[in-house]
Amino acid sequence: MLTTLLVTAVLFIQKSYAQAPDGAQLFQVCSACHQIGKGKLIGPDLKGVTERKERAWLIKFIHNSQEVIQSGDPYAVKLFEDHNKVPMPPFAYSDDQINAILDYIENYNPEQAAAAAAAAAPAIPQTIDGKPYVFMEETKHPWQNFRLTFLVSIALIIISLIDLFLTRLIKAKFIHVIIILISVAVISEVTVLEAKALGRQQYYEPDQPIAFSHYIHAGQNKIDCKYCHFSVTLSKYAGFPSPQLCMNCHNVVRQGKHSGTAEIEKIYKAIETGKSIEWVRVHNLPDHAYFNHAQHIIVGKLDCTECHGEVAKMDRIHQVNNLGMGWCIQCHRTREVQFKTNPFYAKYPELQTELQEGRKAFITVDDIGGTNCSKCHY
Ligand code: HEC
Ligand code: HEC
Ligand code: HEC
Ligand code: HEC
Ligand code: HEC
Ligand code: HEC
């Protein structure tokens with residue numbers, strides 16, 4: 005009796021604590037392109053959509069509409085053509101989350117929605133990883149502390165020298181010597197580290213022409229990285245989105261919660277003048293090194309975060325890894341390649357037998373030649 009009570013209590017607690025997805029909140033990102041009962045925007049009016057199509061189809065379409073369209077589904081193809089071939093971005097939502105959105109659309113009540121929107125207006129998330137969220141604040145990096153250490157060391161040397169020869173407040177000379185020696189050691193270490201990093205730009209975080217936030221787009225609004233960096237799966241480059249792509253949403257979203265119209269207006273200006281937006285590059289390898297995104301994303305099945313960190317939590321992008329040769333090689337020595345599932349690797353029969361006979365647990369990038377100089381240098 006007691007145990008059943010306990011179990012139900014625990015189940016009840018779990019249920020009430022596991023947050024049900026909030027359809028109204030999730031729909032906010034869709035509202036950039038869709039209305040319910042107020043007509044067509046960039047995408048169709050979603051009123052009655054659950055009667056037009058069954059849930060399983062809708063879930064598939066919302067996950068990745070392009071996949072459904074490319075599969076030749078006649079309804080989807082017609083929809084796409086009727087909307088001037090504007091692609092709807094893919095959404096990495098769970099089935100539960102999409103069902104919550106569809107429930108919200110099904111039970112949509114305009115007055116209730118207006119009241120809820122008014123109540124929800126100030127609800128911009130206030131923290132990231134427990135720290136208060138400040139729009140576009142510059143990140144404090146250890147590098148800056150380094151610079152400070154450098155300056156403090158120089159100041160200490162100068163003060164010691166002045167005291168040693170002029171003011172003579174401290175009588176024991178060995179104290180001066182110790183201070184000077186320690187400071188020289190610190191300065192040399194900082195200099196060596198800085199020299200090694202010359203030309204590299206870890207922690208680099210430039211001002212951009214538009215205060216574009218990955219946290220707001222990829223984090224809060226869960227826009228897929230590949231929607232904007234669409235060439236990342238096709239080519240060497242991830243590339244930067246054109247102002248036309250921003251306009252897919254921003255001809256409707258004309259105002260931001262933090263920057264009002266000031267920043268978004270710069271997109272319209274770029275379109276009017278026909279000038280592209282001059283994004284400042286953060287990551288930049290020297291010309292003699294070859295790096296290919298598609299190879300790492302599609303063939304290697306790596307996630308963006310492995311090399312770029314938690315971009316979805318960054319307002320201003322900064323470079324998380326040093327992109328030095330050691331960093332590339334370190335991963336290639338230890339990282340498993342998709343050897344069994346990729347038919348391309350049939351061309352390594354010796355490695356295949358080693359794997360089958362259990363002499364190797366898995367094949368690393370190194371094993372297939374990923375640390376040969378010529379793979380990365382022209
Ligand atoms: C950038 C604009 C954009 C955003 C954001 C967007 N959609 Fe769409 N959606 C479209 C377009 C355009 C179509 C028409 C099909 C096409 O062109 O691919 C569409 C079609 C649809 C359809 C099919 C409608 C029908 O009549 O059968 C559904 C369902 C849908 N979207 C749901 C969503 C949901 C849910 C979200 C938010 C998670 C969302 N969309 C976000 C642009 C968008
Ligand atoms: C798929 C839709 C979508 C695309 C594409 C998109 N945005 Fe946004 N953007 C949004 C949404 C949604 C918001 C949030 C509006 C709000 O604050 O409620 C937003 C907000 C903004 C803001 C204001 C932030 C603030 O809070 O003040 C700026 C600036 C911005 N976007 C710039 C861009 C630029 C530049 C591009 C193109 C590189 C772009 N956006 C592409 C949907 C999009
Ligand atoms: C709405 C469009 C949009 C989405 C979604 C988006 N990005 Fe970006 N991304 C941009 C724009 C615009 C820039 C250039 C401005 C800047 O650096 O902030 C950029 C810059 C970057 C850079 C820095 C490039 C460099 O070296 O200068 C990286 C890395 C990056 N994005 C990764 C990602 C990842 C990872 C995701 C998914 C979590 C993502 N992006 C989602 C638009 C987008
Ligand atoms: C294996 C590491 C790695 C992975 C995984 C990776 N990147 Fe990169 N990324 C780099 C390197 C290295 C550069 C610098 C390339 C250069 O300067 O030629 C870069 C540059 C970029 C740039 C600047 C523009 C360009 O084309 O060079 C963007 C944007 C970007 N990455 C986005 C992404 C996105 C989005 C993903 C996930 C879909 C991703 N990256 C996954 C290593 C990686
Ligand atoms: C987080 C791990 C990781 C990092 C960091 C990384 N790579 Fe890779 N790299 C891989 C994987 C996994 C593959 C294997 C993909 C495949 O199966 O072909 C690969 C393959 C390659 C290849 C093709 C090798 C071959 O034998 O065909 C080149 C070239 C390459 N990477 C260059 C670089 C460069 C340059 C850097 C640094 C700027 C880098 N990689 C950083 C994981 C990584
Ligand atoms: C997995 C990719 C990769 C492989 C394999 C590789 N390199 Fe590099 N190498 C790089 C990258 C990336 C840089 C640029 C590093 C930077 O910006 O500091 C670089 C830089 C260099 C430099 C310039 C010095 C420097 O630090 O900038 C030399 C010289 C060099 N590599 C020689 C070699 C030789 C010799 C081999 C073969 C033993 C080799 N590399 C193999 C990726 C690689």
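Numbering (this note's numbering), first residue to last: 5 to 382. Idealized CB from N, CA, C, for every residue including glycine. Note that this is a predicted model, so its numbers are computed, not measured.
Just the C-alpha distance for residue i and residue j, rounded to the nearest angstrom, thanks.
i, j, result
"Ala-125", "His-38", "Model confidence at Ala-125 stands at a pLDDT of 48, short of 50, so the residue's coordinates are unreliable and nothing is read from them."
"Lys-273", "Val-90", "22 Å"
"Gln-101", "Ala-36", "18 Å"
"Glu-282", "Phe-84", "31 Å"
"Leu-173", "Asp-167", "6 Å"
"Ile-367", "Val-315", "29 Å"
"Cys-335", "Gly-328", "12 Å"
"Val-33", "Ser-246", "20 Å"
"Met-63", "Val-53", "Looking at the sequence provided, one finds Ile at residue 63 rather than Met. So the two alpha carbons sit approximately 12 Å from each other."
"Leu-359", "Gln-299", "23 Å"
"Leu-170", "Ile-162", "11 Å"
"Gly-243", "Tyr-231", "11 Å"
"Gly-362", "Ala-350", "17 Å"
"Trp-61", "Gly-76", "14 Å"
"Val-196", "Lys-364", "39 Å"
"Pro-48", "Glu-115", "21 Å"
"Asn-113", "Gly-41", "10 Å"
Am I right that residue i and residue j are in contact with their C-beta atoms under 8 Å? What's the rounded C-beta distance?
i, j, result
"Ala-96", "Asp-211", "No, Ala-96 and Asp-211 are not in contact; Cβ-Cβ is about 30 Å, not under 8 Å."
"Ala-104", "Gly-223", "The pair is not a contact, with the Cβ atoms about 19 Å apart (cut-off 8 Å)."
"Arg-320", "Glu-142", "7 Å"
"Ile-132", "Ser-157", "The pair is not a contact, with the Cβ atoms about 34 Å apart (cut-off 8 Å)."
"Cys-380", "Tyr-294", "5 Å"
Given a threshold of 16 other Cβ atoms within 10 Å of its Cβ, counted over all protein chains shown, does residue i qualify as buried or as exposed?
i, result
"Tyr-108", "buried"
"Ala-127", "Low local confidence applies: a pLDDT of 48 at Ala-127 is under 50, so the model's placement there is unreliable, and no value is given."
"Asp-307", "exposed"
"Gln-216", "The identity of residue 216 in the sequence shown is Phe, whereas the question assumes Gln. Counting Cβ neighbours within 10 Å, Phe-216 comes out buried, since at least 16 surround it."
"Ala-176", "exposed"
"Ser-239", "exposed"
"His-292", "exposed"
Would you verify that the beta carbon of residue i is, or is not, closer than 7 Å to some beta carbon of chain C?
i, result
"Met-140", "Of the protein chains in the structure, only one exists, and it is not chain C."
Run through the DSSP bridge pairs and tell me what residue i is partnered with.
i, result
"His-381", "Ala-293"
"Thr-131", "Pro-136"
"Gly-264", "Gly-260"
Report yes or no: do three or more beta-carbon pairs, one from the segment 227-235 and one from the segment 254-274, lie closer than 8 Å? no
Does the segment 331-348 come close enough to the segment 359-378 that 3 or more CB-CB pairs lie under 8 Å? yes
Inter-stretch contact (C-beta, 8 Å, three-pair minimum) for the segment 298-305 and the segment 337-350: yes
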